[in-house]
Amino acid sequence: MKTGFSVFLAAFVALGASWYGLVYGPVKQLGGAKETTILQSSDKWPLQRTGDATLGLQIYRAAGCAACHTEQIRQTGAVNVILLTDLGVHQPADFKEFMKSLMVVPELMNYSNTIVGNLENWNGELPGTLYRGDSGDAVSELGKRLKPLGIKTEAGIVARGADIARGWGYRQSVAADYLYDAPVQLGSLRAGPDLSNIGVRSPDANWQLQHLYAPRSIVKNSTMPAFRFLFTLRKKMDGQDAPDALVLKPEFAPAAGYEVVPTAEARQLAAYLVSLKNNAPLYEAPFTPITAAK
Amino acid sequence: MNENEHSNQGGVGAAAPTCAAAAAHPPVETCVSKIDASCRVPLLALFGGAALWLVLGLVLGILAMMSFHKPDMFADCAFLTFGRAQAAANDLLLYGFAIPAALGVMLWIFSRLSQAPLALPIVPIAAANLWHGGVLVGTISILLGFSTGHPWLEYPRAAAVLLFAGFMLVAVSAAATMGFRNHRELYPSHWFLFAALLWFAWSYGTANLFLVSNHAPRGVVQAIIDWWLTNNLLFVWLALAGIGIAFYFLPKLAGQPLAGSGYAVFAFLTLVFFGTWCGIPPSAPVPAWLPTISAFAALLSLIPIIAIAIIAMKTVWGSGTACMGGPFCFIRFGTLSFVASGILYVSEFCPRYSRGLDFTWFNFGVTQWQLLGFAGMILCGAIYEILPRVMQRKLPFAFLAKANFYLFAGGVVLYVIPLVIGGVEQGMKLRDANIAFADASSAALIFLRISTTGQLVILLGALCLLLNIFVMTMQWKLGLVKTFVTAVKDSLVEGSAYQPLPCDKEAKP
């Protein structure tokens, strides 16, 4: 560090290395990414957004929604689940006896306590959980043994973690999810809930509009600011509600003779929110939508 | 330190030229009045704007937080909605205040260390105007909804071009001042501050070329580049600039040499080589090698933080200098803040802790600590130390400068500590899916109430700074007018009014 040049060189090499690793590297690895295929399907992922939803992403950006909302789901691993969906001709009591006799099978021996415990808590309702745990072998073994008896089961992988348990998504977010976002707005603060899956949780655009206009009319102790500037307050024409006027609870409704209609921006933002989904299993983030078995 | 004593009348402070500069000591500067005078207008331009942006940034930050205290307050006011006002406030603190103020201090330190007047003094004046113009354009754009949507890179292209041009011009002047130095030996501040010049230009340039262009890379790469930029500005750049400045002032104010130059080399190299790899959060939806590298780099970044803490402590220890709310207080507090906020910042990249700290107010609090508690403190201290010298007049309100310290210190503690604690609590609640989300987020509200009080206290401190700089500028401008009028009068009466500066006489070898 005796000359200016040596200082320059040290800084240049240090920053250059991190530029190579954290800018150039990811651009090479991911910059040319293309859409992927949904697991066990020929459908492409991510879905192309509608025109309104694409414009809505820009409203989301302009209003700075990402300051309080993330769009990324974390998971802490996954768990194998096998559900009993149909007993066929068998009675629950017989089935329990049969299962106990199965516990000598080497693949199941280590999990016998869990499985028997599950069975004892099971009151005969379908679907019932046979096993839920780390072992994929136990799941496939159970399926294999029960199939010849005409007992139907459904096996699957379920993601684990607080985000999943809150119903914010089915699996962790992965790089492929953001292919069509420009800009990508992951967010870094959850002053409000995660929105990766809001299109599945609240698929009704009118719900979204009402929530944007008066968040506390829907969620009582919400801390979200109201976005009334995305709506127009106007006099009713001939005393009639316009078809797109918001239906609001009395304490949030405007004065008599007036109505609240969403602007184009509000509609686009709602379309964008409805387009946010995290419900496709991918190779790098698998899950089985077993809830469909109900 | 006699040569540094404040002087009311121009240039009395010039001391006999000596060249007895020890390696660990900032060189003893000669003919400081001439050097200081050469910095006057560029520094005023940089500091004045910075102080104004600091106040505006804090006001916007308070207005933004009002959304949490009264959610419908700005429901009909698009440009003050939280997402816009908070982004504008953050950028005002970083781009509006911290960077131009640090550049001003850097120019002055470079010319002092070089024992030469500022090279190309007209260039940084133009640059300051470009820079502040860029900040103005950027802030208005964000408030109108034209932000780019990338955190800490919200300014749209028009503003970014102005900022970049302004920075490069300052860098030319700073590098020239450093290159044409009379005292050849480099001092540790040189390394940190010179590296900071390269650092901003490269990282800000890269991020803008990639993200604010018509051909932005697709998908999550955008977020990765943004994380890289954020880390390199908020952690590395602020550390390079802030610690470079602290390493100049701490020994001067403590009256002791900088402890262990070998340590300083070590701290500098580890900071630039490890610090720059942090930034990718452990839970990020990106290929796993990226957060893994960041986590490892974050662990190693503890080394420079601890090394800097040791150097600063040994330099200050036993100096017996009472600070009494003066610049020494500011810079000691700032260095302490660097160490504390640095350790918290690094801990966010530990996968074990990040599960609880991600997506909470913790990160917000640490960032504000870095910006206001570390950079803000050190820069304000440096400004109060420098301004009387370059203006060659006393601070108009010295008591406000002291008040500024106590307000800042109290305000920063009130502002960031609740956010950090509230963040940890919020994180623990978010991890437990049995606690409803609304309960988890409303549990943080009480902490936000305290922290907004802290913001108000900091704002009062910032007003002290603005008032001092503003009144000083006005006094100086009035002085200029008076000089001009007397000169014209005198020339009408008899002969020339030119009086050689003391330096012109003394500078002869």
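Order-wise, the sequence lines are chains A and B.
Everything in the first sequence is counted per this note's numbering, starting at 1 for the first residue and increasing by one.
Everything in the second sequence is counted per this note's numbering, starting at 1001 for the first residue and increasing by one.
Yeah, the Cβ is synthetic: ideal placement off N, Cα and C, and Gly gets one too.
Rounded to whole angstroms, how far is the Cβ of residue i from the Cβ of residue j, which I believe are closer than 8 Å?
{"i": "arginine 160/A", "j": "valine 79/A", "result": "5 Å"}
{"i": "leucine 963/B", "j": "alanine 1440/B", "result": "Residue 963/B lies beyond the residue range present for chain B, which begins at 1001 and ends at 1509; the question has no answer from this structure."}
{"i": "phenylalanine 1349/B", "j": "isoleucine 1303/B", "result": "Rounded, the Cβ-Cβ distance is 14 Å, inconsistent with contact."}
{"i": "glycine 143/A", "j": "threonine 153/A", "result": "5 Å"}
{"i": "threonine 70/A", "j": "aspartate 194/A", "result": "5 Å"}
{"i": "glycine 1326/B", "j": "leucine 30/A", "result": "That pair is no contact at about 51 Å."}
For residue i, return the contacting residues in chain B, with the cut-off set at a CB-CB distance below 9 Å.
{"i": "phenylalanine 5/A", "result": "Residues of chain B passing the Cβ test: none, with the nearest at roughly 10 Å."}
{"i": "leucine 55/A", "result": "Those do not exist, as leucine 55/A stays about 13 Å from chain B at its closest Cβ, beyond 9 Å."}
If we cut at 9 Å on Cβ distances, does residue i have a partner in chain A?
{"i": "glutamine 1115/B", "result": "no"}
{"i": "leucine 1290/B", "result": "yes"}
{"i": "proline 1418/B", "result": "no"}
{"i": "glutamate 1425/B", "result": "no"}
{"i": "leucine 1186/B", "result": "yes"}
{"i": "tryptophan 1228/B", "result": "yes"}
{"i": "alanine 1444/B", "result": "yes"}
{"i": "alanine 1021/B", "result": "Residue confidence for alanine 1021/B is low, a pLDDT of 38 falling below 50, so the modelled location carries little weight; the figure read from the coordinates is stated next. No, alanine 1021/B does not count as interfacial toward chain A."}
{"i": "isoleucine 1310/B", "result": "no"}
{"i": "methionine 1168/B", "result": "no"}
{"i": "glycine 1149/B", "result": "yes"}
{"i": "isoleucine 1421/B", "result": "no"}
{"i": "methionine 1178/B", "result": "yes"}
{"i": "phenylalanine 1328/B", "result": "no"}
{"i": "asparagine 1468/B", "result": "no"}
{"i": "lysine 1489/B", "result": "no"}
{"i": "asparagine 1232/B", "result": "yes"}
{"i": "glycine 1516/B", "result": "In the structure displayed, chain B extends from 1001 to 1509; residue 1516/B sits before or after that span and is not available."}
So which residues on chain A does residue i lean against when the C-beta distance must stay under 8 Å?
{"i": "asparagine 993/B", "result": "Because chain B is modelled from 1001 through 1509, residue 993/B falls outside the range shown and cannot be assessed."}
Any beta-carbon of chain B closer than 9 Å to the one on residue i?
{"i": "asparagine 197/A", "result": "no"}
{"i": "asparagine 221/A", "result": "yes"}
{"i": "threonine 70/A", "result": "yes"}
{"i": "proline 215/A", "result": "yes"}
{"i": "proline 309/A", "result": "No statement about residue 309/A is possible, as the shown extent of chain A runs from 1 to 294 and does not include it."}
{"i": "proline 250/A", "result": "no"}
{"i": "valine 81/A", "result": "no"}
{"i": "valine 67/A", "result": "It should be pointed out that residue 67/A corresponds to alanine in this sequence rather than to valine. Yes, alanine 67/A lies at the interface with chain B (some Cβ there is under 9 Å from its Cβ)."}
{"i": "aspartate 241/A", "result": "no"}
{"i": "leucine 209/A", "result": "no"}
{"i": "aspartate 181/A", "result": "yes"}
Applying a beta-carbon distance threshold of less than 8 Å, which residues of chain B neighbour residue i?
{"i": "arginine 74/A", "result": "Ser1283, Arg1355 and Asp1358"}
{"i": "methionine 224/A", "result": "Pro1071"}
{"i": "alanine 175/A", "result": "Gly1219, Val1220, Pro1285, Val1286 and Pro1287"}
{"i": "alanine 63/A", "result": "Ala1078, Thr1081, Gly1083, Arg1084 and Gly1145"}
Quick one: list the residues of chain A neighbouring residue i, beta-carbon separation under 7 Å, in chain order.
{"i": "isoleucine 1430/B", "result": "As written in the sequence, residue 1430/B is leucine, which differs from the isoleucine given in the question. In chain order: Ala162 and Arg190."}
{"i": "phenylalanine 1140/B", "result": "First, the amino acid is wrong: residue 1140/B is isoleucine here, not phenylalanine. Those within 7 Å of isoleucine 1140/B in chain A number zero; the least Cβ separation is about 14 Å."}
{"i": "phenylalanine 1437/B", "result": "Arg166 and Pro193"}
{"i": "alanine 1433/B", "result": "Ala162, Ala165 and Arg166"}
Which residues of chain B have a Cβ atom closer than 7 Å to the Cβ of residue i, listed in chain order?
{"i": "valine 184/A", "result": "Gly1219, Val1220, Gln1222 and Ala1223"}
{"i": "arginine 228/A", "result": "Ala1075 and Asp1076"}
{"i": "lysine 2/A", "result": "Leu1186"}
{"i": "tyrosine 178/A", "result": "Gly1219 and Val1220"}
Can you pull the chain A neighbours of residue i, defined as C-beta to C-beta under 9 Å?
{"i": "serine 1301/B", "result": "Within 9 Å Cβ-Cβ: nothing; serine 1301/B doesn't reach chain A, min ~12 Å."}
{"i": "histidine 1215/B", "result": "What histidine 1215/B touches in chain A: nothing, since even the nearest Cβ is about 10 Å away."}
Quick check on residue i - is its C-beta less than 9 Å from some C-beta in chain E?
{"i": "aspartate 244/A", "result": "Included in the structure are the protein chains A and B, with no chain E among them."}
Review point. Should the segment 1109-1123 of chain B be called in touch with the segment 1157-1175 of chain B, which here means at least 3 C-beta pairs below 8 Å?
Key: yes
Review point. Along the segment 1066-1091 of chain B, what residues have a CB closer than 7 Å to any CB found in chain A?
Key: Ser1067, Phe1068, Pro1071, Asp1072, Phe1074, Ala1075, Asp1076, Cys1077, Ala1078, Thr1081, Phe1082, Gly1083, Arg1084, Gln1086 and Ala1087
Exercise for review: Could you please tell me which residues of the segment 1189-1210 of chain B, in chain order, have their CB closer than 8 Å to any CB of chain A?
Suggested key: His1190, Trp1191, Phe1194, Ala1195, Leu1198, Trp1199, Trp1202, Ser1203, Thr1206 and Phe1210
Exercise for review: Could you run through the segment 9-30 of chain A and flag, in chain order, every residue whose CB is less than 9 Å away from some CB of chain B?
Suggested key: Ala10, Ala11, Phe12, Val13, Ala14, Leu15, Gly16, Ala17, Ser18, Trp19, Gly21, Leu22, Val23, Gly25, Pro26, Val27, Gln29 and Leu30
Practice item. Could you run through the segment 259-286 of chain A and flag, in chain order, every residue whose CB is less than 7 Å away from some CB of chain B? Key: none
**Study point:** Cβ pair count under 8 Å reaching 3, the segment 214-234 of chain A against the segment 246-257 of chain A
**Key:** yes
Point to revise | Cβ contact (3+ pairs, closer than 8 Å) linking the segment 203-210 of chain A and the segment 257-270 of chain A | key: yes
Practice item. Answer yes if the segment 1265-1279 of chain B comes into contact with the segment 1225-1243 of chain B, meaning at least three C-beta pairs across the two stretches below 8 Å, and no otherwise. Key: yes
Practice item. Mind checking the segment 1262-1277 of chain B against chain A and listing, in chain order, the residues whose C-beta falls within less than 8 Å of any C-beta there? Key: Val1265, Phe1268, Leu1269, Val1272, Phe1273, Thr1276 and Trp1277
Review point. Between the segment 27-51 of chain A and chain B, which residues of the former have CB atoms less than 7 Å from a CB of the latter, in chain order?
Key: Val27, Gln29, Leu30, Gly31 and Ala33
Review point. Along the segment 90-122 of chain A, what residues have a CB closer than 7 Å to any CB found in chain B?
Key: none
**Study point:** Any 3 or more C-beta pairs closer than 8 Å across the segment 1157-1165 of chain B and the segment 1179-1190 of chain B
**Key:** no
Review point. Do three or more CB pairs link the segment 100-110 of chain A to the segment 227-236 of chain A at distances below 8 Å?
Key: no
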